[in-house]
Structures are given as C-alpha cells and as structure tokens.
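According to the numbering used here, the sequence shown is numbered sequentially starting from 2.
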Amino acid sequence: MNVLIITGGSNGIGKAIAEKYTLEKHTVFSISRSKTTNVSYQQITADLSNTSEAVNTIKTVFSELDLNAISSITLLNNAGSLGEVNTVGNLDFEKIQQTIQLNTITPLVLSNEFIKLTKELHCKKQIINISSGAATSPYSGWSIYCTSKAALDMTTRVIAIEQNEVDNDVKCVAIYPGVVDTNMQAAIRKTSEKEFKNVQHFKELKENNELYSPEFVATKVYQIDIQNQLENGDIVDIRTV
Ligand SMILES: NC(=O)c1ccc[n+]([C@@H]2O[C@H](COP(=O)([O-])OP(=O)(O)OC[C@H]3O[C@@H](n4cnc5c(N)ncnc54)[C@H](OP(=O)(O)O)[C@@H]3O)[C@@H](O)[C@H]2O)c1
Numbered sequence: 002m003n004v005l006i007i008t009g010g011s012n013g014i015g016k017a018i019a020e021k022y023t024l025e026k027h028t029v030f031s032i033s034r035s036k037t038t039n040v041s042y043q044q045i046t047a048d049l050s051n052t053s054e055a056v057n058t059i060k061t062v063f064s065e066l067d068l069n070a071i072s073s074i075t076l077l078n079n080a081g082s083l084g085e086v087n088t089v090g091n092l093d094f095e096k097i098q099q100t101i102q103l104n105t106i107t108p109l110v111l112s113n114e115f116i117k118l119t120k121e122l123h124c125k126k127q128i129i130n131i132s133s134g135a136a137t138s139p140y141s142g143w144s145i146y147c148t149s150k151a152a153l154d155m156t157t158r159v160i161a162i163e164q165n166e167v168d169n170d171v172k173c174v175a176i177y178p179g180v181v182d183t184n185m186q187a188a189i190r191k192t193s194e195k196e197f198k199n200v201q202h203f204k205e206l207k208e209n210n211e212l213y214s215p216e217f218v219a220t221k222v223y224q225i226d227i228q229n230q231l232e233n234g235d236i237v238d239i240r241t242v
C-alpha cells in the first residue's frame with residue numbers, strides 16, 4: 002500500500018494532487034476544514050491553524066493504518082493561505098499569527114509527528130512541502146506570506162541534513178508550484194494596488210492565460226515523486242524541473 006497524507010486536499014492544488022494520487026492507486030488521506038464532494042479519498046476535517054488539532058489528526062490517520070502493509074508513505078504539506086496583504090505597520094497581529102501558524106508551524110509540527118510515527122517503518126518515506134517563489138523574492142505587501150514560505154524552506158533544509166545523519170531516513174523536499182489558477186490567485190487579484198503593488202502583474206497573468214492548472218501541477222508533483230527526481234533537501238521550482 003502506498004499512502005499519501007495531504008493537507009488542504011479539499012481545493013485547488015491539494016485537491017488535484019489528492020485526485021492524481023488516488024487515480025494512481027495510492028491510499029490518500031486529506032486534512033482540511035471543509036470536505037469536497039465527488040472524490041473517493043478519505044477526508045478528515047480539522048483546522049490546521051490549531052496545533053493540537055493538527056497533531057491529533059495526524060495521529061488519528063496513523064491509528065487507521067496497518068504499518069506492516071505500507072510500501073511508501075508521504076506527508077505532503079500543501080495547505081496554506083496568503084494571509085493578510087498589507088505593508089508592515091498596517092497588519093493585524095492575530096492575522097500574522099494565524100497565517101504563520103498554518104503555513105509554517107503546522108508543517109513543522111506535522112513533520113515532527115510524521116518522523117516520530119514512521120521511525121520503525123522501513124520503506125520509502127518522504128515529506129513534500131508546497132512552498133512558493135515568494136520564499137526567495139520579497140513582495141511589498143506580502144510580508145506574512147513571504148516570511149512563512151522562507152521559513153518552510155529552511156524547515157525543509159534542516160530536516161534533510163538531520164535525516165541524512167540517520168539510517169532509515171525520511172526524504173524532505175520542497176516544490177514551488179508556479180502561478181496556479183486557484184482560489185488563492187483569485188484572492189490575490191482582488192487585493193488593491195495600495196495593499197499590493199504587483200497586483201496588476203497577477204491580473205495580466207490570468208488575462209493572458211498564463212496560469213498553470215492545478216491538474217498540471219499535480220501531474221508534475223507525481224512525476225517528480227515517482228521518478229525520484231529529487232535529492233534530500235532539494236527545493237525546486239516546477240517551472241525548471
Ligand atoms: N496558487 C498559486 O499560485 C500558488 C503559488 C505558489 C504556492 N502556492 C501554495 O500552494 C498551496 C495550495 O494553495 P492553493 O493555491 O491550492 O490554495 P487554495 O485553493 O486556497 O487551497 C488551500 C487549501 O488549504 C486548505 N486550508 C486553508 N486553511 C486551512 C486551515 N486553517 N486548516 C486546514 N486546511 C486549510 C483549504 O481547505 P479548507 O478551506 O477546506 O480548509 C484548501 O484545501 C499553498 O501552500 C500555497 O501557498 C500556491
């Protein structure tokens with residue numbers, strides 16, 4: 002049995018990845034606040050901006066698994082949000098906390114549990130983090146998002162060097178999906194130029210049909226995974242692999 006545990010499989014990129022892996026005969030568990038209809042993978046509802054809920058949920062998933070039957074297992078940290086868009090000095094501190102919690106702390110917390118819970122498991126084990134080009138390019142108005150993704154990349158790199166030191170390691174990589182036609186992009190296009198100077202660029206990408214579809218990204222992620230294209234600690238942009 003090949004297992005995928007994905008966060009945010011109810012919508013956008015996560016939904017497309019969950020569907021692709023299900024099609025490819027993986028056993029998929031998705032964790033998100035809402036459930037989507039007409040899909041055959043398991044959906045568990047949880048608010049991943051709440052640490053206890055995140056930990057309890059991954060433990061519940063593992064309690065349902067027969068570890069002896071697993072030939073590969075992946076934690077795919079995909080759930081994320083853009084958070085409040087505005088310049089620093091004009092942000093709500095609770096919103097800062099909530100987005101960093103979801104985009105950064107939860108992937109680290111889930112990775113910590115995943116590594117613990119799979120310690121005795123001898124098979125292909127990996128963590129894939131969905132990061133963003135915003136991790137390395139500062140955008141005015143996106144301090145929360147850019148910070149959260151830069152930290153996620155560092156989480157990826159640290160886990161990788163730690164796991165390189167142990168036997169039976171977990172591979173940890175991060176993937177930037179490009180600009181993808183999801184609700185997150187719709188939210189970006191709705192921001193005002195006062196809050197986000199680059200908004201026109203993102204509107205033009207949509208108008209010119211330059212956005213990737215979630216399905217394209219899902220197929221790419223699946224290929225990268227199945228063809229073992231990445232080394233531990235790699236952080237890659239889908240546009241260049
Ligand atoms: N779209 C892009 O252009 C783009 C570019 C670079 C990186 N990314 C990254 O790709 C990932 C997916 O983004 P997307 O564009 O597919 O966004 P999306 O369409 O808004 O989907 C976000 C997913 O995350 C889940 N989620 C959000 N808040 C949650 C919470 N508090 N608890 C549990 N689940 C939560 C949502 O489910 P519920 O609402 O049901 O909870 C949904 O399934 C994100 O990490 C994003 O940063 C996207």
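Each residue gets a CB set at the ideal place from its N, CA and C atoms; glycine is no exception.
Since the structure is predicted, the reported quantities are computational estimates derived from the model, not experimental observations.
Inset, instruction - Whole angstroms is fine: what's the gap from R34's alpha carbon to S64's? - result: Numbered from its first residue, the sequence shown carries residue 34 at position 33. Numbered from its first residue, the sequence shown carries residue 64 at position 63. Those two C-alpha atoms are separated by around 20 Å.
Legend entry - Residues bridged to A175 [DSSP beta-bridge criterion]: Walking along the sequence shown from the start, residue 175 turns up at place 174. Paired residue(s): N130, I236.
Legend entry - Exposure label - V242; buried when at least 16 CB within 10 Å: Indexing the sequence shown from 1 puts residue 242 at position 241. Label assigned to V242: exposed.
Inset, instruction - Jot down the residue ranges of each uninterrupted alpha helix (DSSP H) in the segment 156-225, minimum 4 residues, whole runs only, in chain order. - result: 184-191, 200-208
Inset, instruction - Would you mind working out which of T75, N69, I71 sits nearest S31, comparing C-alpha positions? - result: Position 30 of the sequence shown, counted from the first residue, corresponds to residue 31. Ranked by Cα distance from S31, the options T75, N69, I71 are led by T75.
Legend entry - Residue from D67, T52, A136 with nearest C-alpha to Q99: Residue numbering aside, residue 99 sits at position 98 when the sequence shown is read from its first letter. Residue T52 is the option with its Cα nearest to Q99.
Legend entry - Outcome for H27 when other beta-carbon atoms lying within 10 angstroms are tallied against a minimum of 16: Taking the sequence shown and counting its residues from 1, the one referred to as residue 27 is at position 26. So H27 ends up on the buried side.
Legend entry - Nearest neighbour of V237, chosen from P108, A136, N12 [CA to CA]: Locating residue 237 in the sequence shown gives position 236, where the first residue counts as 1. Measuring from the Cα of V237, the nearest candidate turns out to be A136.
Legend entry - Rounded separation between I71 and C124 - CA only: Within the sequence shown, the letter at position 70 stands for residue 71. Within the sequence shown, the letter at position 123 stands for residue 124. Answer to the nearest angstrom: the Cα atoms are 7 Å apart.
Inset, instruction - Could you check how far apart the C-beta atoms of E196 and N104 are, in whole angstroms? I think they sit under 8 Å. - result: For the purposes of this step, residue 196 is identified with residue 195 of the sequence shown, where counting begins at 1. For the purposes of this step, residue 104 is identified with residue 103 of the sequence shown, where counting begins at 1. Not really, about 19 Å apart at Cβ, beyond 8 Å.
Legend entry - Where L5 sits in the DSSP three-state scheme: The sequence position of residue 5 within the sequence shown is 4, counting from 1. The answer is strand: DSSP assigns L5 an E or B state.
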